[in-house]
Amino acid sequence: MMKTYSYLYNKVSMAVAMAFFAVLASCTRETLCEQEHPHKADVQFAYDWTTVKGYSSQQPDSMLILVDKVLYQHMNTIAFDTRTCSGKYFSELPDSMDEADNHDIKDFKIRAGEYKFLTMNLSAQNFDYSELEKVVAENDVQGLSKVNITYKTYEEDAPVIDLKAYNISDANHYTHLDGKEARYVVGDRTPVAIDSVPVTKWGANESRTVVFRPSPITHNIDLFFDIKKNTRNVNCIIESVYVILSGIPHKVNLSTGSLDISNTDKMFFKADLVSAGKVPYDGVPTISDMPGNATVRCYKNITVTGIVENEFTDRDEYYGPGMMQVVINTKVMDGGVYVPKTVNAMVNLHKSLLNAKLQYFDYEKNTYRKSRDHSDFYVSLNVVLDREALLGDGDGGIIKWQEADVPGEFNIY
């Protein structure tokens with residue numbers, strides 16, 4: 000089935016393309032050259048994602064390519080499908096091409112001359128590019144260096160989140176300094192990545208391939224934690240595990256990669272169950288829990304701008320950024336039959352996040368930055384699901400746990 004590029008064909012996306020090119024090129028764009036030019040060259044495009052750990056299996060399928068003819072300030076844009084290495088002209092067709100033929104192109108025609116090439120991916124569902132649109136609309140070239148890419152956020156009842164559909168209640172409602180309540184971002188693995196190719200000269204009738212090696216401005220994280228069961232006094236099966244993670248920086252600067260940690264968002268996702276002790280990377284098979292499993296490992300690969308720790312180090316503080324609410328749906332043997340029981344747990348990630356060092360403070364630039372492109376983030380928990388926790392009188396099977404700085408302790412609430 001032919002790839003569609005519908006989200007690229009809107010006003011916002013065109014503004015994004017223009018603004019993003021201006022950020023990298025750092026110069027004012029002029030009107031596109033309309034003169035016909037008989038000396039044409041062919042350019043093909045390819046993407047190499049293998050240089051960044053974990054990204055070869057989760058590359059964006061749609062990218063925007065900007066082609067800039069430096070001397071004459073002539074720019075064209077291309078919507079490109081990385082899966083088929085083909086695409087279509089976005090803003091301007093070659094002189095000899097009809098719109099009906101503008102699809103599945105592998106050899107793109109450009110006028111002979113010197114060119115810069117740039118690429119980035121767009122995600123209409125995940126990110127809000129309105130700052131770029133505003134700067135371009137106002138022709139504010141100087142303001143481009145301050146432009147942020149911000150997450151699109153949603154209420155918990157939005158169709159893309161919909162906590163009620165999973166019978167989940169958010170236990171961590173918190174507000175920012177501006178008085179706005181933290182909202183949800185979509186739990187997507189796709190990185191936001193950019194790359195540019197320096198000025199290259201193209202002669203008439205020349206045919207070459209431009210290879211992009213995009214670098215992510217987002218942070219890819221393998222998050223995992225273990226849930227233990229006391230199989231000696233309870234017969235239970237973990238059916239599913241859901242996570243609400245808070246503390247995701249709302250904004251990242253497009254040109255510098257600096258993070259704004261003053262406002263943070265939350266992310267909701269379902270964790271995979273894998274065998275205990277397995278290193279939970281792509282390729283490790285998921286499992287269905289069995290009554291005899293004493294430990295079940297939970298795993299999820301996420302792509303975020305970062306995760307900010309909570310200012311509270313006290314293990315009794317369970318609100319704000321840097322918290323992880325875990326919802327465990329189980330079946331417990333009671334009176335000879337399995338009955339459903341949902342366990343809610345809230346974890347203060349302060350210690351784990353300090354150890355993980357997912358971002359750092361750049362004192363020279365007075366801003367926060369991601370520490371690396373990929374991180375393994377193991378949350379060390381000390382919780383045992385036993386008969387008292389699951390079937391004890393009065394607690395409803397609802398428990399709260401914290402990190403294992405105090406071995407063996409967790410609170411019922």
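Numbering that gives the first Met the number 0 puts the first residue of the sequence shown at 0, with every later residue one more than the last. Note that the Cβ used here is the ideal one computed from N, Cα and C, for glycine as well. Being a predicted model, the structure only gives us computed values, none of them experimental.
Asked, Found
"Are the beta-carbon atoms of Y298 and F211 separated by less than 7 Å?", "no"
"So, helix, strand or coil for Y359, using DSSP?", "strand"
"I'd like to confirm the pairing. Which residues does DSSP put opposite T263 in its beta bridges?", "P248"
"If you follow the alpha helix (DSSP H) that R386 is part of, which residue opens it and which one closes it?", "386-390"
"Report the three-state DSSP secondary structure of A164 (helix, strand or coil).", "helix"
"With 16 as the cutoff for other CB atoms within 10 Å, does E113 come out buried or exposed?", "exposed"
"Spatial neighbours of K340 within its chain, please: CB distance less than 7 Å, with the 5 preceding and 5 following residues excluded, ordered by chain position.", "T329, V331, L389, G396"
"Sort out for me which residues DSSP pairs F44 with in a bridge.", "V209"
"Restricting to Cα atoms, I'd like to know which of N347, G256, D271 is closest to G246.", "N347"
"Helix, strand or coil for N125, going by three-state DSSP, please let me know.", "coil"
"Count the CB pairs spanning the segment 299-307 and the segment 251-270 that are closer than 8 Å, and state whether there are at least three.", "yes"
"Looking only at DSSP bridge pairs, what is E113 linked to?", "K200"
"May I ask you to report which of helix, strand or coil DSSP gives S239?", "strand"
"Can you grab the Cα-Cα spacing for the pair N234 / P284, in whole Å?", "24 Å"
"Look at T118 and I167 and say whether their C-beta atoms are less than 7 Å apart.", "no"
"For E180, which three-state DSSP category applies?", "strand"
"Opposite G335 in the DSSP bridges: which residues?", "Answer is none; G335 lacks a bridge partner."
"Can you check DSSP and say which residues form a bridge with K253?", "The question names Lys, yet the displayed sequence has Leu at residue 253. DSSP, once it has assigned bridges, lists no residue as partnering L253."
"Kindly indicate which three-state DSSP category A99 falls into: helix, strand or coil?", "helix"
"Distance, Cα to Cα, A45 vs T208?", "7 Å"
"Can V146 and L253 be called in contact, C-beta distance under 7 Å?", "yes"
"H249 and N309 look like a contact to me (Cβ under 8 Å); what is the Cβ gap, rounded to whole Å?", "Between N309 and H249 the Cβ distance is about 16 Å, and since that is not below 8 Å, they are no contact."
"Say yes only if the C-beta of S195 is nearer than 6 Å to one or more non-hydrogen atoms of the ligand GDP, and no if none qualify.", "This structure does not include the ligand GDP; it has no bound ligands of any sort."
"On the DSSP bridge list, what partners appear for Q324?", "I243, M345"
"Which first and last residues belong to the beta strand (DSSP E) in which K227 is found?", "218-228"
"Determine which residues share a DSSP beta bridge with V295 and list them.", "I226, S274"
"What is the DSSP secondary structure of K350, counted as helix, strand or coil?", "helix"
"Determine the closest residue to H373 out of D41, Y150, T217, with distance taken between C-alpha atoms.", "T217"
"Using 10 angstroms around the beta-carbon of M289, count the other beta-carbons present and answer buried if the total reaches 16, otherwise exposed.", "exposed"
"Below 7 Å between beta carbons: does that hold for Y150 and V184?", "yes"
"Between T108 and K39, is the Cβ-Cβ spacing less than 7 Å?", "First, the residue type needs correcting, since residue 108 is Lys and not Thr in the sequence shown. Cβ atoms of K108 and K39: closer than 7 Å."
"With distances taken from CA atoms, which of A164, S274, G256 is nearest K364?", "G256"
"Residues in the same chain with beta-carbon distance under 7 Å from K163, minus the five sequence neighbours each way, listed in chain order, please.", "D156"
"May I ask you to list the residues that DSSP assigns as paired with I301?", "I220"
"Helix, strand or coil for K364? Go by DSSP, reduced to three states.", "coil"
"What does the alpha-carbon distance come out to for the pair D67 and N125?", "27 Å"
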